[in-house]
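Note that UniProt numbering gives residue 95 to position 95 of the sequence shown, counting from 1, and the numbers run on in steps of one.
In this text, a Cβ means the ideal position worked out from N, Cα and C, and glycines have one as well.
Let me begin by presenting the structure, written as structure tokens, before commenting on it.
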Amino acid sequence: MKIAVTGASGRAGSAITAELARRGHSVTAIARNPDRIAKLANVTAVAGDANDRAALAKLWSGHDAAVSSIHFTASDVETLIGAASDSAVPRYLVVGGAGSLEVAPGVRLVTTPNFPAQYKAEAEKGAAFLDRLQREKELNWTFLSPSALFEPGSRTGKFRLGEDQLLVDSAGKSWISFEDFAVAMADEIERPAHARKRFTVGY
């Protein structure tokens, strides 16, 4: 497939770009500074601004899917949804956050007392982004939330998928590597199972 990844120089975006390229897909890797994108077979690095709706729509047009891997506090939900709609891309996939996941019925992680203050603004904007997508009438979107700890690690291909509840392991830890998150994202692109839904991945 032909897939656009915006935010391809970031940690999650670069892992997704590498995973898709590894599987033989043709990847348009978009970043403000394309020099920061790793040089890989099947990857074309291009400059793009996630806050320029018209330019982004033009970059996404003609692709089978567009992946948005951008900090929520550095972007605008209406601009991104508008670009996805204008581009007529068949699928729009978002690297989400863990803050909007539930730790109890109706209780989001971001609202809990021990949620780290330094991540709260990003998590709240991520939750608002998901809420906005869920009101979207036309766009074919998917929002993939990582676990609470989202960090560099290994590509194991062994993880669990969930829906709206935070995944924790037997020791109470909630985590996923960028590499395995990328595997879950690529799997979803190849075998769609969460159209117009949020899902999550964790060990």
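Check: Which of helix, strand or coil DSSP assigns to Glu122; Outcome: helix
Check: Environment of Gly157 [buried if 16+ CB atoms lie within 10 Å]; Outcome: exposed
Check: Alpha-carbon to alpha-carbon, Trp141 and Met1; Outcome: 17 Å
Check: Distance, Ile30 Cα to Glu138 Cα; Outcome: 24 Å
Check: Beta-carbon gap between Ser69 and Val5 smaller than 9 Å; Outcome: yes
Check: Alpha-carbon to alpha-carbon, Ala12 and residue 223; Outcome: Lying outside 1 to 203, the shown extent of the chain, residue 223 is not represented and no answer is given.
Check: Nonlocal neighbours in the same chain, by C-beta distance under 8 Å from Glu190, ignoring five residues either side; Outcome: Met1 and Arg23
Check: Selected residue, minimal CA-CA separation from Ser177, among Leu149, Ala186 and Glu163; Outcome: Leu149
Check: Limits of the alpha helix (DSSP H) - the one that Arg22 falls within; Outcome: Arg11 to Arg22
Check: Val46, DSSP secondary structure in three states; Outcome: strand
Check: Residues that Val107 bridges to, as DSSP identifies them; Outcome: Ala104
Check: 9 Å Cβ cutoff, Gly106 in contact with chain C; Outcome: The chain inventory of the structure shown lacks chain C, comprising one protein chain alone.
Check: Three-state secondary structure (DSSP) of Leu161; Outcome: strand
Check: Arg108 burial status per 10 Å Cβ neighbour count (16 or more: buried); Outcome: buried
Check: Residue closest to Ser147, alpha-carbon to alpha-carbon, out of Glu124, Lys58, Leu59 and Gly99; Outcome: Gly99
Check: Stretch pair the region 186 to 203 + the region 154 to 170: three plus CB contacts closer than 8 Å; Outcome: yes
Check: Integer-rounded CB distance, given that Val183 should sit under 8 Å from Ser174; Outcome: Actually they are not in contact, since the Cβ atoms of Ser174 and Val183 sit about 18 Å apart, beyond 8 Å.
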